[in-house]
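Asks: Right, I'll just put the structure down here and ask away after.
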Amino acid sequence: MRMSMGGILGWIVRKTTPQEVYLRFMSQIMRLRVILDTEDDVFRDIEIATDAPLMHLHFAVLDAFGWEAGELASFFQSDESWSRGKEFSLLDMSDPMAEDGAKREEAMNESTVGHLIPELGHRAIYVYDFLRMWCFYVEPLTLEDAKPDGAYPALCHEFGTPPAFDSKDGDLLEGMDLPSAPEDDAPYRTGDPELDAYLDDDEDEDDFGGGEHLSIDDLDDLI
Numbered sequence: 087m088r089m090s091m092g093g094i095l096g097w098i099v100r101k102t103t104p105q106e107v108y109l110r111f112m113s114q115i116m117r118l119r120v121i122l123d124t125e126d127d128v129f130r131d132i133e134i135a136t137d138a139p140l141m142h143l144h145f146a147v148l149d150a151f152g153w154e155a156g157e158l159a160s161f162f163q164s165d166e167s168w169s170r171g172k173e174f175s176l177l178d179m180s181d182p183m184a185e186d187g188a189k190r191e192e193a194m195n196e197s198t199v200g201h202l203i204p205e206l207g208h209r210a211i212y213v214y215d216f217l218r219m220w221c222f223y224v225e226p227l228t229l230e231d232a233k234p235d236g237a238y239p240a241l242c243h244e245f246g247t248p249p250a251f252d253s254k255d256g257d258l259l260e261g262m263d264l265p266s267a268p269e270d271d272a273p274y275r276t277g278d279p280e281l282d283a284y285l286d287d288d289e290d291e292d293d294f295g296g297g298e299h300l301s302i303d304d305l306d307d308l309i
């Protein structure tokens, strides 16, 4: 005798515990290695459901590294060369007036871990605080069924001590090659040899008379 879908679900509920029923229809658990981009080797392994909102992974990463939430952040789909692809932002900053087909950012609370990393072999990048630009490389290790007694997301491995969050000062000009202010007596340099030579000649004229030309009448007055 064939059993209807409602009958099948009822049989499952009668034969299993509520937690087991949930796990049967729950997506798989992905184990992610999250590596902090710093001089020392620092990483954390996190297990999380593939259907969990990306917001859960955002908080799980910060908690695993001992940092507090409160700054802007984004996930990016990536590849073997760690290039940045589609963005999943903490806040939805996409333009609602954008034309159809335009690149659109996805919000973390509207996307899942499976949207960011569809399967093993894919990668992701997580950026926290757009001033300090803390960067994390996210790589899936395993994809398995959830454990009956498991609670997710879960921190399952730690390696290394992360630096303090504020060890970067968040200076937007940090690392930029800005020209230093010239000394008062140093001639200005443009990088063009001919123009610099012209400016040097002009400096010499200023030293011997401020660039002004004396007339014959002026010479008579001096005599």
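Counting from 87, one number per residue, gives the positions in the sequence shown under the working numbering.
C-beta atoms are modelled at their ideal positions from N, C-alpha and C, and glycine is treated no differently.
Please classify residue 165: does DSSP put it in a helix, a strand, or coil?
Replies: Along the sequence shown, one-based indexing puts residue 165 at 79. Correct three-state label for residue 165: coil.
Asks: Determine the extent of the alpha helix (DSSP H) in which residue 150 is found, giving its start and end residues.
Replies: On the sequence shown, position 64 is the one that residue 150 refers to. First-last of the alpha helix (DSSP H) with residue 150: 140-150.
Asks: Are there any heavy atoms of the ligand PLP lying less than 8 Å away from the beta-carbon of residue 176, as far as the coordinates show?
Replies: For the structure depicted, the ligand PLP is absent and the ligand set is empty, with no information on it obtainable.
Asks: Beta carbon of residue 198, beta carbon of residue 139: below 9 Å?
Replies: For the purposes of this step, residue 198 is taken as residue 112 along the sequence shown, with counting starting at 1. For the purposes of this step, residue 139 is taken as residue 53 along the sequence shown, with counting starting at 1. Yes.
Asks: Given a cut-off of 9 Å, decide if residue 226 and residue 119 are closer than it, judged by their beta-carbon atoms.
Replies: Counting from 1 along the sequence shown, the entry for residue 119 is found at position 33. Counting from 1 along the sequence shown, the entry for residue 226 is found at position 140. Yes; because the gap between Cβ atoms is below 9 Å, this pair is in contact.
Asks: With DSSP run on the structure shown, which of helix, strand or coil describes residue 131?
Replies: Start at 1 with the first residue of the sequence shown, and residue 131 comes out as number 45. Strand at residue 131.
Asks: Give the single residue among 129, 204, 178, 147 whose Cα lies nearest to the Cα of residue 195.
Replies: By one-based count along the sequence shown, residue 195 stands at place 109. Answer by Cα proximity: 178.
Asks: Looking at the unbroken beta strand (DSSP E) that takes in residue 206, where does it start and where does it end?
Replies: Walking along the sequence shown from the start, residue 206 turns up at place 120. Looking at the DSSP string, residue 206 is not in any beta strand (DSSP E), and its letter there is neither H nor E.
Asks: Report the three-state DSSP secondary structure of residue 175 (helix, strand or coil).
Replies: Against the sequence shown, residue 175 aligns to sequence position 89. DSSP places residue 175 in strand when its eight states are reduced to three.
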